[in-house]
Each structure stands twice: as C-alpha cells, then as structure tokens.
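A quick write-up on the structure given underneath.
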Amino acid sequence: MSLDLAVLVSGSGSNLQAILDAIEAGRLDARVRLVVSNVAGVKALDRAARASVPTLVVPHKDYPNRAAFDAHLVEVLRPVVADGFVVLAGFMRILTATFLDAFPRRVLNIHPSLLPAFPGVDAQQQALDKGVRITGCSVHLVDAGTDTGPILAQAAVPVLDGDTRDTLAARILEQEHAILPAVLQWISEGRMQLVDGRPRFSGVVPALGLAR
Ligand code: GRF
Numbered sequence: 078m079s080l081d082l083a084v085l086v087s088g089s090g091s092n093l094q095a096i097l098d099a100i101e102a103g104r105l106d107a108r109v110r111l112v113v114s115n116v117a118g119v120k121a122l123d124r125a126a127r128a129s130v131p132t133l134v135v136p137h138k139d140y141p142n143r144a145a146f147d148a149h150l151v152e153v154l155r156p157v158v159a160d161g162f163v164v165l166a167g168f169m170r171i172l173t174a175t176f177l178d179a180f181p182r183r184v185l186n187i188h189p190s191l192l193p194a195f196p197g198v199d200a201q202q203q204a205l206d207k208g209v210r211i212t213g214c215s216v217h218l219v220d221a222g223t224d225t226g227p228i229l230a231q232a233a234v235p236v237l238d239g240d241t242r243d244t245l246a247a248r249i250l251e252q253e254h255a256i257l258p259a260v261l262q263w264i265s266e267g268r269m270q271l272v273d274g275r276p277r278f279s280g281v282v283p284a285l286g287l288a289r
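Each residue of the sequence shown is one higher than the one before, counting from 78 in the working numbering.
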C-alpha cells in the first residue's frame with residue numbers, strides 16, 4: 078500500500094526533492110500529500126508546487142508558544158497522514174509532545190551527522206571543529222530529545238583535507254538523498270517493526286557504505 082507522507086521543511090528542500098524524485102522514478106511507493114513550511118518563500122515550496130504537491134505556510138511566529146504552533150500543525154496534518162508518516166526534512170523547529178504524541182513513532186528526521194555524534198545545529202561544522210575523519214548522516218525516529226530518537230539508517234562520509242563546512246555539507250547531502258527515500262521505501266513495504274522501542278527491518282537491507 079502506498080505510504081502517505083507529509084513533509085515539513087524550512088529551507089532548500091533538497092531532501093524533499095529526493096523523495097519526490099524517488100516516487101517519480103518508481104523507487105518509492107509513497108505519496109507526498111502535503112508540504113508544510115514554517116518559513117514563507119523558501120525553495121522547498123517551489124519544489125513541491127512543481128510536483129503539484131499542496132503546500133501550506135504556517136509561520137511559527139504567529140503562535141504564542143511552541144505547543145500552540147504544534148497543536149495547529151497536528152490539526153492540519155492529522156487528516157492527511159492518518160496512517161502515514163511525517164518527515165522532517167530540514168525543518169528547523171523543535172517539536173513538542175503535543176505533536177509527537179499525535180503521531181507516535183511516525184515522525185522521521187534526517188540529520189547531517191552519524192548520531193549520537195553532533196546533534197543540534199550545524200552538525201557539519203561541529204564535525205570539522207572536532208577534527209573527526211568520518212562523519213555522515215542519520216535517519217531516525219523523532220522523540221522528545223534533540224536528534225536522540227531510534228536510528229533507522231546511516232551513511233558514512235569521510236572528512237577530506239581542505240573540506241569547508243559547505244563542501245562537507247554537500248557530500249553529506251548526497252548521502253542524505255540516498256538513505257531517506259530508501260528508509261521510506263522499507264517502511265512502505267511494511268518491513269519496519271519496533272522491538273522494545275528499537276527499529277528492526279525484515280528482509281534485505283542494502284549496506285550503505287562509505288561514500289566519497
Ligand atoms: C539537511 O542537511 C538535513 O540533514 C538537515 O537540514 C538540511 C536540509 O537540507 N536537517 P534540505 O532543505 O533538505 O536541502
């Protein structure tokens with residue numbers, strides 16, 4: 078059965094594009110029912126419109142607090158992803174229990190580090206500052222912490238001599254674009270189970286290697 082998705086964005090939306098491209102190419106059996114941005118005028122909204130996906134701008138500044146913002150998001154998203162998943166793809170807001178309790182274990186995030194290393198903002202710069210030789214990206218289920226939920230998939234990316242934040246971020250993004258649609262397809266195939274709160278995938282899960 079095709080997986081219903083809502084994608085939350087705040088910026089460029091290249092991960093949204095990767096999802097849309099995978100659907101278009103038949104690699105992902107899913108439908109993006111709605112794209113919600115908390116920021117008006119961002120490129121992600123153009124990408125959605127180009128793919129004829131409905132969009133909505135919900136500026137967080139219009140709400141007195143996080144819970145009120147989250148409650149409105151729940152109201153908007155519940156009808157479109159009744160059985161589906163919410164994907165945070167570059168969504169730069171922390172979600173509260175108001176949101177997470179409405180979609181238990183059905184909110185996914187993509188983060189540009191090998192979690193649990195470098196949670197929070199600018200994970201690529203954090204990796205450079207620490208001098209690690211390998212970093213990468215992670216797809217995980219969202220819980221109440223910041224980038225702490227159960228990890229579903231990761232890909233490793235070497236830090237090269239002379240890397241800047243931007244060159245490293247670009248190479249990590251390539252891997253984000255591979256692993257996010259792949260995980261969604263595994264979920265769409267009904268291959269994800271939670272055992273004691275930890276995700277397990279049945280069937281063949283392709284190894285996601287070290288990517289230069
Ligand atoms: C990605 O690096 C993602 O891991 C992080 O924010 C960035 C979003 O990029 N959460 P894009 O908007 O998908 O291009």
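Beta carbons are placed, not taken as given, at the ideal position from N, Cα and C, and that holds for glycine. On a predicted model such as this, the values are computed, not experimentally measured, just so you know.
Who pairs with Gln231 in a beta bridge, going by DSSP?
Ser215
Runs of alpha helix (DSSP H) lying entirely within the segment 149-225, each at least 4 residues, in chain order
174-177, 200-207
Let me check you understand the geometry: is the CB of Ile187 closer than 7 Å to at least one non-hydrogen atom of the ligand GRF?
yes
Ser91, DSSP secondary structure in three states
helix
Using a 10 Å radius around the Cβ and a threshold of 16 neighbouring Cβ atoms, would you call Ile96 buried or exposed?
buried
Buried or exposed: which applies to Glu152, given that a residue is buried once 16 or more other Cβ atoms fall within 10 Å of its Cβ?
exposed
Can you tell me whether Ser265 is helix, strand or coil according to DSSP?
helix
Would you identify the three-state DSSP class for Pro258, choosing helix, strand or coil?
helix
Give the DSSP bridge partners of Val114, in chain order.
The amino acid occupying residue 114 in the given sequence is Ser; Val does not appear at that position. BP columns for Ser114 point to Val86, Val134.
Taking all protein chains shown into account, decide if Ser129 is buried (16 or more other Cβ within 10 angstroms of its Cβ) or exposed.
exposed
Asp24 (DSSP reduced to helix, strand or coil):
Any question about residue 24 goes unanswered here, given that the chain covers just 78 to 289.
According to the neighbour-count rule (16 or more other Cβ atoms, all chains shown, within 10 Å of its Cβ), is Leu265 buried or exposed?
Reading off the sequence, residue 265 comes out as Ser, not Leu. By the neighbour-count rule (16 or more Cβ atoms within 10 Å), Ser265 is buried.
For Arg277, report the span of its beta strand (DSSP E) as first-last.
275-278
When the distance is taken between beta carbons, is Val219 closer than 8 Å to Leu172?
yes
Just checking my contact of Val158 with Asp81 at CB under 8 Å: how many whole Å lie between their CB atoms?
5 Å
Quick one: grab the DSSP three-state call for Arg289.
Residue confidence is low: Arg289 scores 45 on pLDDT, short of 50, so the model does not pin down where it sits. Its coordinate-derived value is still stated next. Coil, per DSSP.
Taking the straight line between their C-alpha atoms, what separation do you get for Val272 and Pro227?
11 Å
Could you tell me the distance, in whole angstroms, from the CA atom of Tyr140 to the CA atom of Phe146?
Roughly 5 Å between the two C-alpha positions.
On the CB-based measure, 16 or more other CB atoms within 10 Å of its CB, does Glu253 come out buried or exposed?
It counts as buried.
Exposure label - Asn142; buried when at least 16 CB within 10 Å
exposed
How close, in whole Å, do the beta carbons of Thr225 and Gly197 come, if the pair is a contact with beta carbons under 8 Å?
Not a contact, Cβ separation roughly 10 Å.
Below 8 Å on the Cβ atoms is my contact criterion, and I expect Leu185 with Leu85 to pass it. Report the Cβ-Cβ distance as a whole number of Å.
Actually they are not in contact, since the Cβ atoms of Leu185 and Leu85 sit about 10 Å apart, beyond 8 Å.
Report buried or exposed for Leu111, applying the criterion of at least 16 other Cβ atoms within 10 angstroms of its Cβ.
It counts as buried.
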